[in-house]
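Under my numbering, the first residue of the sequence shown carries the number -4, and numbering increases by one thereafter. Glycine included, every Cβ here is placed at the ideal spot set by N, Cα and C. Down below is the structure, laid out as structure tokens.
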Amino acid sequence: MKIGVLQADTVSKEFQADHGNYPTMFENMLKSAGKQVLGSAIEVAHYNIMQSQFPKKLNECNAYIITGSKKSVYDDEPWIHKFREFLVELNDAKKIVIGICFGHQLIADALGGKTELAKVGWGVGVHQSTITNKKKFMNPPLDSFSVIVSHQDQVAELPSDAERLAASEFCPNAMFQIGQHILTFQGHPEFTKGYSRALLESRKAIIGDLIYERGCASLKIELHSEILAQWIIRFINNE
-4 MKIGVLQADT
6 VSKEFQADHG
16 NYPTMFENML
26 KSAGKQVLGS
36 AIEVAHYNIM
46 QSQFPKKLNE
56 CNAYIITGSK
66 KSVYDDEPWI
76 HKFREFLVEL
86 NDAKKIVIGI
96 CFGHQLIADA
106 LGGKTELAKV
116 GWGVGVHQST
126 ITNKKKFMNP
136 PLDSFSVIVS
146 HQDQVAELPS
156 DAERLAASEF
166 CPNAMFQIGQ
176 HILTFQGHPE
186 FTKGYSRALL
196 ESRKAIIGDL
206 IYERGCASLK
216 IELHSEILAQ
226 WIIRFINNE
């Protein structure tokens, strides 16, 4: 199995020594889950979308996974416009695509839904979402999951052919699926608590003391990130 990481952001230089860059985070997550689920190694390719490094052929990889980004999907930037067009191509070809945070939002917005600045404000730290529609690939099964989040945009409207899989009061569209080829999460299963804490510290002045303190306190909650990563591999493997 070969998975292409479509990189839409870069980790701040001061954090890279301790936490790595986004391609490394995803590679670690995918390879660990691949060994657990498939019992074999997964090959991971890297495409820097911000520098217009797109796959030359759609079938270069079995699946693609879109990272988070500090940018918004509605920002007027050439690489984001080009990314939207590429997503439409992937969808038309029924290529398997996994969206994480920005990826989740971009897929929704590019395929007929709507992403916007959330009225509820910043989501940070560990959040819990309830499964609203159980699927075969959700193994091990969960009724709800806790995962690190870091966002102020949300998917306000799903594409017409999308199926909501998880929700919370804070984030009604926390996870969705389109057909058998698209799966998305608002949360970050690739993030560690250490990186989440570093982000919280760096954004304290932006998010405010109350949200910062709640975010830090939430890091005591047990994560289900490894299970979500296994779900991703099972989805790609059509289980």
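With a 10 Å radius around the Cβ and a threshold of 16 neighbouring Cβ atoms, VAL115 comes out exposed. Rounded to the nearest whole angstrom, the CA to CA distance from SER35 to MET45 is 31 Å.
Cβ-Cβ distances below 6 Å link PRO18 to VAL0, GLN2, HIS41 in the same chain, with the five nearest sequence neighbours on each side left out; the list follows chain order. In the three-state DSSP reduction, GLY94 falls in the strand class (E or B). The C-alpha of LYS130 lies about 34 Å from the C-alpha of ASP70. ASP104 and THR5 have their C-alpha atoms roughly 22 Å apart. When DSSP states are grouped into helix, strand and coil, ASN43 belongs to the strand group.
At a Cβ-Cβ threshold of 8 Å, ILE126 and ALA161 count as neighbours. Straight across, the Cα-Cα distance linking GLY108 with HIS176 is about 17 Å. Going by C-alpha positions, ASP87 is about 36 Å away from LEU194. Here TYR69 carries a coil assignment [DSSP, helix/strand/coil]. Using a 10 angstroms sphere on the CB of GLN11, the tally of other CB atoms stays under 16, which defines it as exposed. With a beta-carbon spacing of about 16 Å, VAL121 and LEU205 fall beyond the 8 Å limit used to define contacts.
For MET24, the uninterrupted alpha helix (DSSP H) run begins and ends at 17 to 33, by DSSP. According to DSSP, residue pairing for VAL150 in a beta bridge involves THR110. Counting the other CB atoms within 10 Å of its CB gives ASP13 a total below 16, which places it among the exposed residues. Distance from PHE180 to ILE95 at the Cβ level is roughly 6 Å; contact confirmed, criterion being Cβ atoms closer than 8 Å. Rounded to the nearest whole angstrom, the C-alpha separation of ILE102 and MET20 is 21 Å. The beta carbon of ILE93 sits closer than 6 Å to those of ILE60, LEU178, ILE227, all from its chain and outside the five residues before and after it, given in chain order. The beta carbon of MET133 lies closer than 6 Å to those of TRP226 in the same chain, with the five residues before and after it left out.
Among the bridge pairs identified by DSSP, HIS122 is matched with VAL142. For ALA157, the enclosing beta strand (DSSP E) begins and ends at 157 to 162.
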